[in-house]
Amino acid sequence: MDWQGQKLAEQLMQILLLIAAVMAFVVGYATASFRTMMLIYAGGVVLTTLITIPNWPCFNRHPLKWLDPSEAEKYPKPEVVAVSSKKKSSKK
Amino acid sequence: MHSFGYRANALLTFAVTILAFICAIASFSDKFSNQTPSAQIQILNINWFQKQPHGNDEVSLTLNVTADLQSLFTWNTKQVFAFVAAEYETSKNALNQVSLWDAIIPEKEHAKFWIQISNKYRFIDQGHNLRGKDFNLTLHWHVMPKTGKMFADKIVMSGYQLPNAYR
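Written out as structure tokens, the structure is:
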């Protein structure tokens, strides 16, 4: 996922779980059935898992712009020279 | 949110926290229930009343217990444990409580009952103080919820007396 997608997924997760909890409590209290409340909440958790955890395409609508490989080759990484580092430490 | 594991962990933690809240609210909703239990106990017969070889008195009674505990059941009740205790005072102990009978009531439908039974547990005194003793019969109940704190209450019925001589 990209950054926007991650934010969206997190918000969706929190909102969906809260809604599932409220609905579960209201229906359970109205029907005086503890079991109904637990079942509705469990169903809500499973649904939220399916929506927010996998990498759905809707979470990837603002893909990151990685640097073009041809640009990276213009600035090569500096090479590490073992001898010079020893001299530096003795000076200090 | 960088990987499946991260999101799964966040979701699971949040879900369990919310579950704890739901259970707390469900337990709290019990306070709004109106509870009016009632009970009556009759002693039909004193079967026998003897002094044991060790010197302790023992009584065997036949009881008739009528009770309506249906209003104690809410949506958050798992079961109700009810027991009948005989309570009396002696010179040695300020309060003696002897449990005579108990039952586990798992459902509301079974909570309104009428039972005629001889005492399930033996009524034995610590000593030989029971002749002519006045005692109370108390119906205690413990309401065990599905989530939350268990609470207990009782109805005290007084005016019972044991005979003055052994039979």
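Order-wise, the sequence lines are chains R and U.
Those letters in the first sequence? Residues 1 to 92, by the working numbering.
Those letters in the second sequence? Residues 1 to 167, by the working numbering.
For every residue, glycine included, the Cβ atom is placed at its ideal position computed from N, Cα and C.
Give me the Cβ distance between residue i and residue j, rounded to the nearest whole Å; I'm assuming they're in contact under 8 Å.
{"i": "Ile46 (chain U)", "j": "Pro163 (chain U)", "result": "6 Å"}
{"i": "Glu58 (chain U)", "j": "Ile124 (chain U)", "result": "5 Å"}
{"i": "Thr66 (chain U)", "j": "Ser118 (chain U)", "result": "That pair is no contact at about 16 Å."}
{"i": "Met196 (chain U)", "j": "Ile41 (chain U)", "result": "The structure shown has nothing for residue 196 (chain U), since chain U only spans 1 to 167."}
{"i": "Gly55 (chain U)", "j": "His128 (chain U)", "result": "6 Å"}
{"i": "Thr48 (chain R)", "j": "Met13 (chain R)", "result": "6 Å"}
Based on Cα-Cα distance, which residue from the options lies nearest to residue i?
{"i": "Lys108 (chain U)", "options": "U:Met144, U:Gln161, U:Ile18", "result": "U:Met144"}
{"i": "Thr36 (chain R)", "options": "U:Thr36, U:Thr62, U:Trp75", "result": "U:Trp75"}
{"i": "Val22 (chain R)", "options": "R:Ala42, R:Gln4, R:Gln11", "result": "R:Ala42"}
{"i": "Glu89 (chain U)", "options": "U:Trp114, U:Arg131, U:Phe32", "result": "U:Arg131"}
{"i": "Arg122 (chain U)", "options": "U:Lys146, U:Leu100, U:Trp114", "result": "U:Leu100"}
Measuring CB to CB, does residue i end up less than 8 Å from residue j?
{"i": "Asp134 (chain U)", "j": "Lys120 (chain U)", "result": "no"}
{"i": "Leu139 (chain U)", "j": "Ala86 (chain U)", "result": "no"}
{"i": "Phe25 (chain R)", "j": "Ile18 (chain U)", "result": "no"}
{"i": "Ala15 (chain U)", "j": "Ile53 (chain R)", "result": "no"}
{"i": "Tyr166 (chain U)", "j": "Ile43 (chain U)", "result": "no"}
{"i": "Gln79 (chain U)", "j": "Ile105 (chain U)", "result": "yes"}
{"i": "Leu8 (chain R)", "j": "Gly44 (chain R)", "result": "no"}
{"i": "Gln35 (chain U)", "j": "Ser71 (chain U)", "result": "yes"}
{"i": "Pro37 (chain U)", "j": "Leu11 (chain U)", "result": "no"}
{"i": "Tyr29 (chain R)", "j": "Ser33 (chain U)", "result": "no"}
Could you give the first and the last residue of the continuous beta strand (DSSP E) run that contains residue i?
{"i": "Phe83 (chain U)", "result": "77–88"}
{"i": "Leu44 (chain U)", "result": "38–51"}
Using DSSP's beta-bridge definition, name the partner residues of residue i.
{"i": "Val143 (chain U)", "result": "U:Val80, U:Phe151"}
{"i": "Glu58 (chain U)", "result": "U:Gln50, U:Ile124"}
{"i": "Val98 (chain U)", "result": "U:Ala86"}
Kindly indicate the opening and closing residues of the alpha helix (DSSP H) around residue i.
{"i": "Leu11 (chain U)", "result": "4–28"}
{"i": "Ala9 (chain R)", "result": "3–31"}
{"i": "Lys112 (chain U)", "result": "Note, Lys112 (chain U): premise wrong, no alpha helix (DSSP H); beta strand (DSSP E) at 112–118."}
Below 7 Å on C-beta distance, what does residue i contact in chain C?
{"i": "Val45 (chain R)", "result": "Protein chains in the displayed structure are R and U, and chain C is not among them."}
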